[in-house]
Structures are given as C-alpha cells and as structure tokens.
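Here's the structure, in structure tokens; my notes come after.
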Amino acid sequence: MSSLRFTLSFLFLALFGMPLLMAADGPTLVIRNHLFEPEEVMAPAGQKFKLVVRNEDATPEEFESKTLKREKVVQGHSEIVINLGPLVAGTYDFVGEFHEATAKGRLVVR
Amino acid sequence: MWGIALIVFREVLEAALIISIVMIASRGAHHRGRWVFGGVLLGLLGSLLLALMADRLAQALEGVGQELFSASVLMIAVGMLTWHSVSMQQHGREMARDMKQLGREVLEGQRSLHGLALVVGLAVLREGSELILFLYGLVSAEEGGLMDLLGGGGLGLLLGALVGLVLYFGLAKIPLKYFFSVTSLLILFLTAGLAAQAAAFLVEADWLPPLGQGIWDTSGWLPEKSLPGQILHALVGYVDHPDGIEVVFYLGTLLLSHLLMRMVAHSSPPAPGHKAP
C-alpha cells in the first residue's frame, strides 16, 4: 500500500509538479442519523478552504453537491476532507446521496 | 425500493454505456465477448477490494487519495482508448478502398481488444466500489427489507443494462459504410470526456487550478443529473457547468488524438511483404 501510495504521489508530482497551496481550515459537518449537523455552514468568499465531513453513523454516506461539483463517499465512523474554493458569494446546496430524503444542507459563502 | 433502484441505475449507467461502445467498436473481433466479460469481472473484483480499503484510500495522500486514484484510473483509460483510436487508424486509408474492410478492421481491433477490456474493467471499478459501499450500508443498517434491496438493486441494474443495449443495437444498425467513422468518433469523444473528468478530480484534489469556475452554465435546461444529461455525460463528457481546466483537457485530448492519428495515417504504411498474422 505504501509503495503504491509513493508511486502514485510521485507520478502526480512528476506530472503536475506544482506547489500545493495551503488552504485554510474550514467548517466541519457532522452526519448523524442521516442528517447533517449543522444544516447550514458558513465559509468565506474568494479563498480556498477545507470542508471536513465527519460521519458518525455506522453506514457510509456520499456527500454530493451539484453546485459545488463534489461527490465523495464518507465511510461509517470516518471523516473526509473536501477541498473547496475560491468560491463566489452565494448559497450552495448539498445532500447525502445515499439518504437524499433526509440528508440535506447548504453552504453559505460570503 | 425505487430510491435504491435509482441510485443503482445511476451508478450502472455510465459503465453500461462504456461497455456498449467497447462492444460495438470491437465488433467482429474474436472472443470480444470473453474479453469484455473478463473486464467486467475484473472490475467487480477490483471494486470489492477498493470498497474494503476505501477508508484507507480516502485518508491517503492528505485526504485526497480517492480523487487521485480516480484521476489515475481515468487517465489509464484515456491512454488505452487513445491507443485504440491510433491503432485503428494505422491502416485506415487503404481500408477505405479495401473490399475486405471488415476483416482488416477486425484484425486491428483484435490488437487493442486487451486495452479495451481494461477500459471496461476500469469503468466498472469506478462505479462499482461506490455501489458496493451503498448496498453494504443498506444491509448493515437493515434499512428496508431484503426484498427492497434485491428488487431495487436488480431493477436498477436491469434498467442500466437496458439503456446500454439500446445504444448497442442502435449503433449496430449504422450502415457499414459509416460504421467505423461513427464508432471512432464516439471513442474519440468518450476519451475526451474521461480526460475532462480526470481534470475535475485533480481540481478536487487541489492539484490543478480550476482555471475559472462555471465557464458556462447549462444546468437550467439540461441538468447533468437528468437522464439525458447523464447519458450525454457518459458518452461525450457533457458537463453542465465546467471548470476551465475541464474544457482545456477535453479539447487538448481531442487535438492530441487527432494529431496522433494523422501522424500514424500518413507516416507508416505496413511494411511490404509483411502480412498480418
């Protein structure tokens, strides 16, 4: 696994060797009982940030947002980091695709 | 049950369309069914492995392991498909005049069949692991009955396969005269679409700059998540509000394939006396 990781990272650095810009820490979302907490999170406009999605349910969920162009599975009892921004001010809706009826939320950027 | 069917259908659709295109592009090649089936099987096996280590992959490379993995898988498929396009082009000019066109084309197809089988495997791999995670979640949470799961899963799979079959038989109806031009164009746009998807993953990983977000926005009249939007996305890489870099990768891939194909078509007629096996 680690040699694969090394090879992959080497490959990509070689291909796209460019400085990784550090992004500021952003808001954290928690998934509990197939609901997002909080339902609304804030982020600053015009800069990069990382959205952390922590899944406290036992089942996997998929964070999905059409407007943010993101789709990412988060395993049960696990968390993921989503790189976002810079975004223009506005409201961006997202859902948990595996429980779309209940898992809804939005990101307010300003 | 319908909710389950819809999600399964969405995941299956893209792979089904790619399998159809590969099947049609390798029409007449010996044992293509076996190769494609092998690709699907390998993809499923890989999905299972991937689902098992999904958590580790997600945490890898500072949390962007999943994105980089997807981008790599897509770029391998892009490479394989480009190779296919170029190798099909190799004897394209004589073939156009050759009455034994189909036979020759088939031989060429045979050579890149392994590559195409890999493309199928990678397509299954990309969607398969998500599907397995989703279904596993349902089973472990005991949400809904087993009947819902099997019924919904089966229905979604069936519908996805049906769309694939419709595409396959639709393409099979194209007269032989245009057949190869149509299939090579299809492969070309499919390749460009996959390259653009790879670019999107690299943006998500923060490895590439987006070069402008939402170059256009057609989500109003043809949302990418609608059925026609999804079919177009899988076939020609339709994106309803693409980043600039996606457009660059898309056009760049088209241009590069075109140049490679022209180079091959002009430079290397088969050596005299050399007969294909």
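Chain order of the listed sequences is A and B.
At position 41 of the first sequence the residue is numbered 41 (the numbering used here), and the sequence of numbers has no breaks.
At position 29 of the second sequence the residue is numbered 1029 (the numbering used here), and the sequence of numbers has no breaks.
Beta carbons: idealized from backbone N, C-alpha and C, even for Gly.
Review point. If the cut is a Cβ gap below 7 Å, which residues of chain B does R70/A touch?
Key: On the first sequence, residue 70/A is found 70 positions in, with the first residue counted as 1. Chain B residues near R70/A: E1204.
Check your understanding: Under the three-state reduction of DSSP, which class applies to R1097/B: helix, strand or coil?
Key -> Sequence index remark: in the second sequence, residue 1097/B carries index 97 (1-based). Low confidence applies to R1097/B: its pLDDT is 49, below 50, so where it sits in the model is not reliable, and the reading given next is rough at best. Three-state result, R1097/B: helix.
Check your understanding: So, Y1136/B versus I1024/B, is the Cβ gap smaller than 8 Å?
Key -> If you number the second sequence from 1, residue 1136/B lands on position 136. If you number the second sequence from 1, residue 1024/B lands on position 24. It is not a contact, given that the beta carbons lie outside the stated cut-off.
**Study point:** Same chain, Cβ closer than 8 Å to A1172/B, neighbours up to 5 away in sequence not counted
**Key:** As a working mapping, residue 1172/B is identified with position 172 in the second sequence. Closer than 8 Å at Cβ, skipping near neighbours: I1024, R1027.
Practice item. To the nearest angstrom, report how far apart L1211/B and H1031/B are at their CA atoms. Key: Reading the second sequence from its first residue, position 211 is the one you call residue 1211/B. Reading the second sequence from its first residue, position 31 is the one you call residue 1031/B. When rounded, the distance between both Cα atoms is 44 Å.
Review point. Closer than 8 Å, CB to CB, is K1225/B near chain A or not?
Key: Within the second sequence, the letter at position 225 stands for residue 1225/B. It does: the Cβ of K1225/B has a partner Cβ on chain A nearer than 8 Å.
Review point. What in chain B is Cβ-close to K66/A, meaning under 9 Å?
Key: Walking along the first sequence from the start, residue 66/A turns up at place 66. Chain B residues near K66/A: S1219, P1223, E1224, K1225, D1240, H1241.
Check your understanding: If contact means a Cβ-Cβ distance below 7 Å, which residues of the segment 1118 to 1135 of chain B contact chain A?
Key -> E1130, L1133, F1134
**Study point:** G1170/B to V1119/B span [Cα, whole Å]
**Key:** As a working mapping, residue 1170/B is identified with position 170 in the second sequence. As a working mapping, residue 1119/B is identified with position 119 in the second sequence. Each residue's CA atom was taken as its position, placing G1170/B and V1119/B some 21 Å apart.
Point to revise | Opening and closing residue of the beta strand (DSSP E) in which F63/A lies | key: Position 63 of the first sequence, counting from 1, holds the residue named residue 63/A. Where F63/A is concerned, the enclosing beta strand (DSSP E) stretches over 61 to 65.
Exercise for review: Determine the direct distance from the alpha carbon of F94/A to that of R110/A, and round the result to whole angstroms.
Suggested key: Counting from 1 along the first sequence, the entry for residue 110/A is found at position 110. Counting from 1 along the first sequence, the entry for residue 94/A is found at position 94. Cα-Cα distance, rounded: 17 Å.
Practice item. Give a yes or no on whether the minimum CB-CB distance between G1039/B and chain A is below 8 Å. Key: Within the second sequence, numbered from 1, the residue matching residue 1039/B stands at position 39. For G1039/B, the answer is no, since every Cβ of chain A falls outside 8 Å of its Cβ.
Point to revise | Close-in-space but distant-in-sequence residues of the same chain around G105/A (CB under 6 Å, 5 per side omitted) | key: Within the first sequence, numbered from 1, the residue matching residue 105/A stands at position 105. So the list reads F36, E39, F94, once near-sequence residues are dropped.
Review point. Mind checking E1062/B: buried by the 16 CB within 10 Å criterion, or exposed?
Key: Residue mapping note: residue 1062/B aligns to position 62 of the second sequence, counting from 1. The residue in question, E1062/B, is exposed, as its Cβ has fewer than 16 Cβ neighbours within 10 Å.
Review point. Between I1004/B, W1002/B, V1239/B, G1193/B, which lies nearest to A1123/B when the distance is taken from Cα to Cα?
Key: Your numbering for residue 1123/B matches position 123 in the second sequence. Of the candidates I1004/B, W1002/B, V1239/B, G1193/B, the one whose C-alpha sits nearest the C-alpha of A1123/B is G1193/B.
Review point. Roughly how many angstroms separate the alpha carbons of E1011/B and L1125/B, rounded to a whole number?
Key: On the second sequence, position 11 is the one that residue 1011/B refers to. On the second sequence, position 125 is the one that residue 1125/B refers to. Those two C-alpha atoms are separated by around 11 Å.
Check your understanding: Going straight from the alpha carbon of A1198/B to that of I1174/B, what length do you get?
Key -> Indexing the second sequence from 1 puts residue 1198/B at position 198. Indexing the second sequence from 1 puts residue 1174/B at position 174. Cα to Cα, the separation comes out at about 31 Å.
Review point. Start and end of the beta strand (DSSP E) containing K104/A?
Key: In the first sequence, the residue the question calls residue 104/A occupies position 104. Start and end: 104 to 109.
Practice item. Give a yes or no on whether 8 Å exceeds the smallest Cβ distance from E97/A to chain B. Key: As a position in the first sequence, residue 97/A is number 97, starting the count at 1. So, interface residue.
Point to revise | Neighbourhood of I1021/B by C-beta distance below 7 Å, restricted to the same chain and skipping five residues each side | key: Within the second sequence, residue 1021/B is the residue found at index 21, counting from 1. Answer for I1021/B: L1186, I1187, L1190, listed in chain order.
Exercise for review: Compare the C-beta of T59/A with all C-beta atoms of chain B and state if any pair is closer than 8 Å.
Suggested key: Here residue 59/A is taken as the residue at index 59 of the first sequence, counted from 1. For T59/A, the answer is yes, since a Cβ of chain B falls inside 8 Å of its Cβ.
Exercise for review: Return the residue from the list G1154/B, G1244/B, E1127/B that minimises the CA-CA distance to L1050/B.
Suggested key: Here residue 1050/B refers to the residue found at position 50 of the second sequence. For the residues G1154/B, G1244/B, E1127/B, the minimum Cα distance to L1050/B belongs to E1127/B.
Practice item. Would you grab the beta carbon distance between E71/A and R54/A for me? Rounded to a whole angstrom, and I think it's under 8 Å. Key: Here residue 71/A is taken as the residue at index 71 of the first sequence, counted from 1. Here residue 54/A is taken as the residue at index 54 of the first sequence, counted from 1. Not quite, the Cβ-Cβ distance comes to about 18 Å (not below 8 Å), so this is no contact.
Review point. Listed in chain order, which residues of the segment 1249 to 1268 of chain B have Cβ atoms closer than 7 Å to some Cβ of chain A?
Key: From the segment 1249 to 1268 of chain B, no residue has a Cβ closer than 7 Å to chain A.
Check your understanding: For the segment 24 to 50 of chain A, which residues have a beta carbon sitting closer than 7 Å to at least one beta carbon of chain B?
Key -> Listed by position along the chain: nothing, the set is empty.
Practice item. For V81/A, go through chain B and note every residue whose CB falls closer than 7 Å to its CB, in chain order. Key: Here residue 81/A is taken as the residue at index 81 of the first sequence, counted from 1. Correct list: G1063.
Check your understanding: Where does Y1178/B land, buried or exposed, given buried means 16+ other C-beta within 10 angstroms?
Key -> The residue given as residue 1178/B occupies position 178 in the second sequence. Answer is exposed; the Cβ neighbour count stays below 16.
Practice item. Taking C-beta pairs closer than 8 Å, name the residues in chain A that I1007/B reaches, listed in chain order. Key: Indexing the second sequence from 1 puts residue 1007/B at position 7. Correct list: E97, F98.
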